[in-house]
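Reviewing the structure listed below.
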Amino acid sequence: MSDQPQAAASVKQTDANPDFSSMRPTHVRHFVLGLTVFAYAITYMDRQVLATARPVIMEQLGISLAAMGLVTTGFRLAYALFQIPGGWLGDTIGARRALTIIVSWWSIFTAMTAMAWNAVSMIVIQVFFGLGEAGAFPIATRSLARWLRPADRGFAQGITHAGSRLGGALTPLIVVPIIRLWGWRAAFYSFGVIGVVWAIAWYSYYRNTPEEHRGVNAAERDLIGSGRKRMSGPVPWSKILGHGNLWILALMYFCYNHNLNVYQDWFATYLRQSKGMTLTQMGIYASLPFFAGTVGDLAGGWFSDLVLRWTGKVNIARRWVAIAGFLLAAAATIPATLAHDPKASVALYCVAFFGLEWTVGISWAVPLDIGGDFAGSVSAFMNMFGNLGGALSATVVTYTAAHYGWNMPFQIVAILCVIAALLWLKIDSSKKITGLVPDTLGEA
664 MSDQPQAAAS VKQTDANPDF SSMRPTHVRH FVLGLTVFAY AITYMDRQVL ATARPVIMEQ
724 LGISLAAMGL VTTGFRLAYA LFQIPGGWLG DTIGARRALT IIVSWWSIFT AMTAMAWNAV
784 SMIVIQVFFG LGEAGAFPIA TRSLARWLRP ADRGFAQGIT HAGSRLGGAL TPLIVVPIIR
844 LWGWRAAFYS FGVIGVVWAI AWYSYYRNTP EEHRGVNAAE RDLIGSGRKR MSGPVPWSKI
904 LGHGNLWILA LMYFCYNHNL NVYQDWFATY LRQSKGMTLT QMGIYASLPF FAGTVGDLAG
964 GWFSDLVLRW TGKVNIARRW VAIAGFLLAA AATIPATLAH DPKASVALYC VAFFGLEWTV
1024 GISWAVPLDI GGDFAGSVSA FMNMFGNLGG ALSATVVTYT AAHYGWNMPF QIVAILCVIA
1084 ALLWLKIDSS KKITGLVPDT LGEA
């Protein structure tokens, strides 16, 4: 690669003059993080294009509500089942090439959604769209493994997930005017172009390690703590799957993602049918928990990293901070379901969703803590279990709401939050996958 000789020369110069403590670190890591945040935002933006345009598409193409449900199911199953192949791709060929490939892939199928002519064609396109997006979060997590200090990982994961939530929340404001001016097909073409442009920028700027990037000076490399021996060769699945932490982490994320999808898919319907809100009220109040969740994404990761700097103990920073978030979510959910005043109920749900999202950046920091250069595969396994929980949530919600009322699905959310908090008691962020060079992290 053209940037390798320069990187080597930079290292050689550093060896000759090792005193670079007075140098100001460059800020390439911040640009890398910014590009990653934008990638997370694009994932949710491309999903929300369909969610926003769905009523118009159903009317123009004659697609029933049940058939449109199959469209969503096709995406979710493909997305869940291809998490591990996506993470494997990033760990095998590197995040630079892998993210370029998959973002280009799903952006093409975002644009191709505009070419659908019936339910079957829409399902096929959305399945291929889900195959591409499946690798997004695992590979993006892996892309940050070499660019972040351990004490910055929680905040970085929090801000990336906040970007995804905010991107999803803002997309309708962009899509609706496009539909009014040029029709629903133009919206898919427009968002497809955004992803392709991002992929070009990513491949041009990102490098798999700071040593390979010509814009990184010695002070920034020293600040990041790069230069460790890089793991190569096949992904050690026997070691990954034999790591007890991974299975507990996956079960915890199953609980989290089930709860997330209850809010994403059903909260507006719950407000309409259970709280008696008008369509206008529902549109306003249904968005409020997601803005609260965006703040929770940022605050949880930031506070986890702050605790790590204070204590130097990774398990205090990850475990107990995450437990606090899940317990807050559980504690606020029960009175939210019982409140008679709809506004008070929504306010409590905002607190609950804030607590739920408080945990997500911390959860995604753990694959970086224990997985190192195999963080993509570790996070892929975790996210696969999580999205299976998300896929199951539709059945749980529709069955329990029909038989026991709309409060029951959210009371199950509270129970799963408590279970997730208990699982965190067994998650050890200091116990790494065998064979990786350890970070400077304190033990519990």
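If you're matching positions, the sequence shown starts at 664 in the numbering used here and goes up one per residue.
Each residue gets a CB set at the ideal place from its N, CA and C atoms; glycine is no exception.
This structure is a prediction, so every number in the text was calculated from the model and none was measured.
How is the alpha helix (DSSP H) around R805 delimited, first residue to last? 799–806
Smallest Cα separation from T823: which of A962, K1006, K976? A962
Ordered along the chain, which non-local residues of its own chain (more than five positions away) have a Cβ less than 7 Å from that of H921? G1052, G1053, L1055, S1056, L1079
Would you mind working out which of T974, W810, L909 sits nearest H876, comparing C-alpha positions? W810
For T776 and I842, what's the separation of their Cα atoms in angstroms? 14 Å
Best match in A1065, G737, N781 for proximity to E796 [C-alpha to C-alpha]: G737
With 16 as the cutoff for other CB atoms within 10 Å, does G1039 come out buried or exposed? buried
Could you check if D815 is buried or exposed, using at least 16 other CB atoms within 10 Å of its CB as the buried criterion? buried
Apart from the five residues on each side of it in sequence, which residues of its chain come closer than 8 Å, Cβ to Cβ, to T804? Q820, W1027, P1030, L1031, A1038, G1039, S1042
Closest residue to Q936 among D709, D1091, R982, W1069 (Cα-Cα distance): W1069
Taking DSSP as the reference, what is the three-state secondary structure of S727? coil
Simplified DSSP assignment, three categories, for R687: coil
Can you look up W780 in the DSSP assignment and give me helix, strand or coil? coil
With a CB to CB cut of under 6 Å and the five nearest residues on each side skipped, what residues in its chain are close to V790? G737, A741
Taking only the alpha-carbon atoms, compute the straight-line gap between L724 and W780 and give it to the nearest angstrom. 6 Å
Shortest alpha-carbon distance to R739 belongs to which of G975, W965, D928? D928
Decide if Q676 is buried, meaning its Cβ has at least 16 other Cβ atoms within 10 Å, or exposed. A caution first: Q676 carries a pLDDT of 45, below 50, which makes its placement in the model too unreliable to give a value.
Just reading off the alpha helix (DSSP H) that E883 is part of, what are its end residues? 881–887
Rounded separation between A980 and F966 - CA only: 8 Å
Three or more beta-carbon pairs under 8 Å between the region 760–776 and the region 846–862, yes or no? yes
Taking its Cβ as the centre, do 16 or more other Cβ atoms sit within 10 Å of A992, making it buried, or is it exposed? buried
Quick one: using the 10 Å Cβ neighbour count with 16 as the cut-off for buried, is P801 buried or exposed? buried
Using three-state DSSP, classify K902 as helix, strand or coil. helix
In chain order, what residues of the same chain have a beta carbon less than 7 Å from the beta carbon of F1017, not counting five sequence neighbours either side? A955, G956, V958, G959
Inter-residue Cα distance where the pair is L794 and H1003: 43 Å
Since L696 contacts L807 with CB under 8 Å, what's their CB separation in whole angstroms? 7 Å
Quick one: Cα of A985 to Cα of T706, how far? 25 Å
Span separating the alpha-carbon of K902 from that of M721: 47 Å
Leaving out five residues before and five after L1088 in sequence, what residues of the same chain have Cβ atoms less than 6 Å from its Cβ? none
Determine the extent of the alpha helix (DSSP H) in which E1020 is found, giving its start and end residues. 1005–1021
Short of 6 Å in beta carbon distance, which residues of its chain neighbour A761, apart from the five on each side in sequence? Order them along the chain. L752, G753, I802
For the alpha helix (DSSP H) that contains P873, what are its first and last residues? Taken as a continuous stretch (DSSP letters only), P873 belongs to no alpha helix (DSSP H), as it is neither H nor E.
Rounded to a whole number of angstroms, what is the C-alpha to C-alpha distance between A882 and H693? 14 Å
Is the beta carbon of F818 less than 8 Å from the beta carbon of D968? yes
For A716 versus W847, is the C-beta spacing smaller than 8 Å? yes
Alpha-carbon spacing of G905 relative to G798, whole angstroms: 22 Å
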